[in-house]
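Novice: Residue numbers (UniProt numbering), protein chains in the order written: chain A, 1 to 201; chain B, 1 to 201; chain C, 1 to 201; chain D, 1 to 201.
Don't be surprised by glycine CBs; every beta carbon is placed ideally from N, CA and C.
Handing you a structure now.
Number of protein chains: 4
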Amino acid sequence: MCGHDGRPYRLEKDMSKQLKIQDAVAEIILTEGAASVSTTKVARRVGIAQSNVYLYFKDKQALLDSVYERETQKILATTEIASLQDQKIPLEERVRLYIQQVYDFSLANPDSLTLIQQIKFLRGQSPDLLPNELTPNNTVSQLLQAAIDEGVLKDLPVSLHMSLVFAIINRHTTNLQLGRYPVDKYSFKEIYQFIWDAMKR
Amino acid sequence: MCGHDGRPYRLEKDMSKQLKIQDAVAEIILTEGAASVSTTKVARRVGIAQSNVYLYFKDKQALLDSVYERETQKILATTEIASLQDQKIPLEERVRLYIQQVYDFSLANPDSLTLIQQIKFLRGQSPDLLPNELTPNNTVSQLLQAAIDEGVLKDLPVSLHMSLVFAIINRHTTNLQLGRYPVDKYSFKEIYQFIWDAMKR
Amino acid sequence: MCGHDGRPYRLEKDMSKQLKIQDAVAEIILTEGAASVSTTKVARRVGIAQSNVYLYFKDKQALLDSVYERETQKILATTEIASLQDQKIPLEERVRLYIQQVYDFSLANPDSLTLIQQIKFLRGQSPDLLPNELTPNNTVSQLLQAAIDEGVLKDLPVSLHMSLVFAIINRHTTNLQLGRYPVDKYSFKEIYQFIWDAMKR
Amino acid sequence: MCGHDGRPYRLEKDMSKQLKIQDAVAEIILTEGAASVSTTKVARRVGIAQSNVYLYFKDKQALLDSVYERETQKILATTEIASLQDQKIPLEERVRLYIQQVYDFSLANPDSLTLIQQIKFLRGQSPDLLPNELTPNNTVSQLLQAAIDEGVLKDLPVSLHMSLVFAIINRHTTNLQLGRYPVDKYSFKEIYQFIWDAMKR
DNA sequence: TATGAATGAGTGTTCATTCAT
DNA sequence: AATGAATGAACACTCATTCAT
């Protein structure tokens, strides 16, 4: 159960430094804000030499980008794109599914959105929660556009619909994280109704 | 058109250094993000020595705070708080007025909200557009709460209602700024309907 | 009761800024150490503009020097040089007088010596309490040298004798200032005996 | 005369940067005074980048402290504390030993005391030559107190006795350094007699 | 006499990045 | 793969000094 060099290879080792470094970056962003990420801090937190960071990432930007990428991948992994594209499901129902997926993900990974926002912020971009580059978003865009065309949703820019969904759900989960009210005070149904009333034609 | 000393007094001259510095900060924030504001850059942009910044502002923090303050003051100046508190106006109409005011302000000062967001971000605060300390927001909170209690609005956290308003309007004006669609493509009425459908009971 | 310019001349005004500035410097030195004297701080303490300091003193060094000078003048003013030179008084008695004068001055102006020490320190000089430039010190040197020549004092360098006197008395008064023991615990007689036993042949 | 890697190992190479930096600090303190020590100057003198200083010392303060520590350690290393505590040696003889040790050290390391004084000054502490924290000084304090209690020394504060010893010896060695008189002009015996006459009952 | 505005050089400190080992 | 040493540029901030008014 050992490598040829006699060093035992544990799963952690496999996960290697790369991930540990990314984790450290995420931690720092969440606790101190993206602006205060530095290779020094990251290295210290991981317990490696500062220069070591450059063994795994071309430069600081690449490091931040990779963390950004990792979080967006999490969204991809969680969301079931297939069902959103499934023509057999009525449009209205698919929109509901989309909202539910955002809701579920946001509740399960409240940090992910924060990380994405923070890194965007550092780039000087607006911190809105619309990572347009995101693959699933293209799907979502198409879904919403179709729903608009079919007269299911109000004839407003897709980005407005998406902003609505993100803003409401993000604020709700943030509220929960801050303990502003108990988790069971508002059900998904209520949140969904709030959103849907706006979107629906 | 000259002072008795023969020095021409132009409008620019009237505008004190303090304002010029604040403007430079705002510019940098809008183009490069708040994280990359530095006294060096600011001074260079204004055309003064770096140390000069400290003649007008105690601190870098004080400088940023002053810019923040300036923008929030703009909001205060623009919004008509009185009418939101006017008991003679029906609640539903006052909520409409509130939304309209946010809309008008956002359209007139699209950068203001960005600046506030960015500076909040730097402070490590969440970037939501809910500067709760803002005096008008207390008024707004009370208004919305009253409307909830009277059964005019859905029984959801006030913060959710406010997030909704801000998110939609902010995205709309951002879209306009980016030229994603012409200004007259969507009227206030349509935007308002979108928001109101969600909020109303 | 007014000058020809109509400005009332009060005594404080006479004492003018010059002295106030020196006082401020002394205060700062005593509370924060000579190294942290700055024209900014001085001006703030006096309540004048920073640039104003340069109206009264050529530069910072001149300012410090003037404070130094002022304190050494205090010594001069207090000490009765005449009696130390009075040939009619026996040498031993005159040495006693000298020690007593240092003792009295040190007790009355404990800060003076600190100020002198601190300013010398800033100059990079050794902080010993032997301001050789001091006029009275020349007198003292001559007195001590004479006493050595006459076999009244031990045949050791004058500077050693003076260091002894200063060190003992300075430490004693510092102890008193720090409240290490009550003022009446040790009389001058005891201190004098301590010093004299060393010096005398 | 080379390591296996072909790199010549000279004595200088043995001496780590850390020591070189400390030496540079000491040099600057001795020539220009502690107040004018700056990381820039230090780095320039060592021939490294300024930022490099922070590779070896957390702080400027830490750097100064380390120099302070180094000098006090020298004292510790030189002095034979054991004999001062040896109950079999009569008190009077032990006091003599103490004085001799101070004398020997002061002659061998005339800069050490200056360095300690200067750094204490920068800290705003009184520059007296009584580093009370110093371990040997506790021993010395006890020794002197015992000698006072036994009627060997005059009944005066221990600090006065210590100040005496330091002041005389320090001035003497400073005089020597300044070349005010040849080394052999005054023997230890004479200096000792000077001090002892004051201290002894 | 007094001021405020201005400045350039300086301070200590942190950073991203490179390189020889 | 990993390190420690090194560096130059940047940072926020303070200072002594000057000058026009």
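Cβ closer than 9 Å: which chain C residues qualify as neighbours of N175/D?
Specialist: In chain order: P157, S159, L160.
Novice: By alpha-carbon positions, which one of Q61/B, S16/B, R70/B ends up nearest to T48/B?
Specialist: Before going further, note that residue 48/B is Ile rather than Thr in the sequence given. Ranking the options by Cα distance to I48/B, first place goes to S16/B.
Novice: Would you call the segment 47-63 of chain D and the segment 76-95 of chain D touching, i.e. three or more CB-CB distances under 8 Å?
Specialist: The answer is no - the segment 76-95 of chain D does not touch the segment 47-63 of chain D, with fewer than three Cβ pairs under 8 Å.
Novice: Under 7 Å between beta-carbons, which chain D residues line up against A35/C? List them in chain order, please.
Specialist: The contacting residues are A35, L122.
Novice: List the endpoints of the continuous alpha helix (DSSP H) containing residue 231/C.
Specialist: Chain C is shown from 1 up to 201; residue 231/C falls before or after that span and cannot be answered.
Novice: Nearest chain C C-beta to R180/D closer than 9 Å, yes or no?
Specialist: It does; some Cβ of chain C falls within 9 Å.
Novice: When the cut-off is 9 Å and only beta carbons count, does S163/D lie next to chain C?
Specialist: Closer than 9 Å to some Cβ of chain C, the Cβ of S163/D qualifies, so yes.
Novice: Please go through the same chain and pick out, in chain order, the residues whose beta-carbon is closer than 7 Å to the beta-carbon of F105/A, but skip the five residues on each side of it.
Specialist: For F105/A, where only same-chain residues beyond five positions count, the Cβ hits under 7 Å are I75, T78, T79.
Novice: Three or more C-beta pairs under 8 Å: does that hold for the segment 159-178 of chain C against the segment 138-149 of chain D?
Specialist: Contact fails: fewer than three Cβ-Cβ distances are below 8 Å.
Novice: Does any C-beta atom of chain C lie closer than 9 Å to the C-beta of D14/D?
Specialist: Interpretation of D14/D is limited by its pLDDT of 40, a score under 50 that renders its predicted location unreliable; no figure is taken from the coordinates.
Novice: Among T31/D, A34/D, E32/D, Q50/D, whose alpha-carbon lies nearest the alpha-carbon of T40/D?
Specialist: Of the listed residues, the one whose Cα sits closest to T40/D is Q50/D.
Novice: Just the C-alpha distance for R10/B and Y186/B, rounded to the nearest angstrom, thanks.
Specialist: Residue placement at R10/B cannot be trusted, given a pLDDT of 42 that sits under 50; what the coordinates show is reported in the next sentence. So the alpha carbons of these two residues sit roughly 40 Å apart.
Novice: Using the three-state DSSP reduction, which class does K200/B fall into: helix, strand or coil?
Specialist: Three-state result, K200/B: strand.
Novice: Please report how far the alpha carbon of A147/C lies from the alpha carbon of L91/C, in whole angstroms.
Specialist: Rounded to the nearest angstrom, the two C-alpha atoms are 6 Å apart.
Novice: Once you ignore the five residues that flank Q22/A on each side, which residues in its own chain have a CB closer than 8 Å to its CB?
Specialist: Cβ within range, chain order: L63, S66, V67, R70.
Novice: Report the option in L115/B, F121/B, L164/B whose CA atom is closest to the CA atom of I191/A.
Specialist: Cα-wise, what sits closest to I191/A is L164/B.
Novice: Inspect the beta-carbon positions of I168/C and F188/C and report whether they are closer than 9 Å.
Specialist: Their beta carbons are not under 9 Å apart, which means I168/C does not touch F188/C by this criterion.
Novice: Return the CA-CA distance between N109/C and A43/A, expressed in angstroms with no decimal places.
Specialist: Distance between the alpha carbons of N109/C and A43/A: 57 Å.
Novice: To the nearest angstrom, how far is it from the Cα of A34/D to the Cα of L113/B?
Specialist: Rounded to the nearest angstrom, the two C-alpha atoms are 51 Å apart.
Novice: Identify, in the order they occur along the chain, each residue of the same chain with its Cβ nearer than 7 Å to the Cβ of Y98/B, setting aside the five sequence neighbours on each side.
Specialist: Within the same chain, Y98/B has close Cβ partners L84, V140, L143.
Novice: Going by beta carbon distance, what residues of the same chain come within less than 7 Å of L107/B, once the five residues before and after it are set aside?
Specialist: Excluding positions up to five away in sequence, the list reads T173.
Novice: Closer than 6 Å by C-beta to residue 203/C: which residues in its own chain qualify, once you throw out the five before and the five after it? Chain order, please.
Specialist: The structure shown does not extend to residue 203/C, since chain C is modelled only from 1 through 201, so no value can be given for it.
Novice: What in chain A is Cβ-close to I168/B, meaning under 7 Å?
Specialist: Correct list: L160, S163, L164.
Novice: I want to see whether chain B comes within less than 9 Å of D197/A, judged by CB atoms only; does it?
Specialist: With 9 Å as the cut-off, D197/A counts as an interface residue toward chain B.
Novice: Any heavy atom of the ligand GTP inside 8 Å of the beta-carbon of S16/B?
Specialist: The model on display carries no ligand, and the ligand GTP is accordingly not part of it.
Novice: Answer yes or no: does any C-beta atom of chain C fall closer than 9 Å to that of E150/D?
Specialist: For E150/D, the answer is no, since every Cβ of chain C falls outside 9 Å of its Cβ.
Novice: Can you have a look at L178/C and say buried or exposed, based on whether 16 or more other CB atoms are within 10 angstroms of its CB?
Specialist: With fewer than 16 other Cβ atoms within 10 Å, it is exposed.
Novice: List, in chain order, every chain A residue whose beta-carbon is nearer than 9 Å to that of E27/B.
Specialist: Per Cβ cutoff of 9 Å: no residues; E27/B is ~12 Å from chain A at best.
Novice: Would you say A198/C and D197/D are within 9 Å of each other, going by their C-beta atoms?
Specialist: Closer than 9 Å, so yes.
Novice: Taking 9 Å as the CB-CB cut-off, is E190/C touching chain D?
Specialist: For E190/C, the answer is yes, since a Cβ of chain D falls inside 9 Å of its Cβ.
Novice: Taking only beta-carbon positions, decide if R171/C is within less than 9 Å of chain D.
Specialist: Chain D contact via Cβ: present.
Novice: Since Q117/C is in the alpha helix (DSSP H), which residue starts that stretch and which ends it?
Specialist: Note, Q117/C: alpha helix (DSSP H), 110-122.
Novice: Could you please tell me which residues of the segment 103-117 of chain D, in chain order, have their CB closer than 9 Å to any CB of chain C?
Specialist: Residues T114, Q117.
Novice: So, is the C-beta of Q22/C closer than 9 Å to a C-beta in chain D?
Specialist: Closer than 9 Å: no.
Novice: Consider the Cβ of G3/D: report whether some Cβ of chain C lies at a distance smaller than 9 Å.
Specialist: Because G3/D sits at a pLDDT of 39, beneath the cut-off of 50, its placement in the model cannot be relied upon, and the following sentence gives the value as read from the coordinates. Not one chain C Cβ lies under 9 Å of G3/D.
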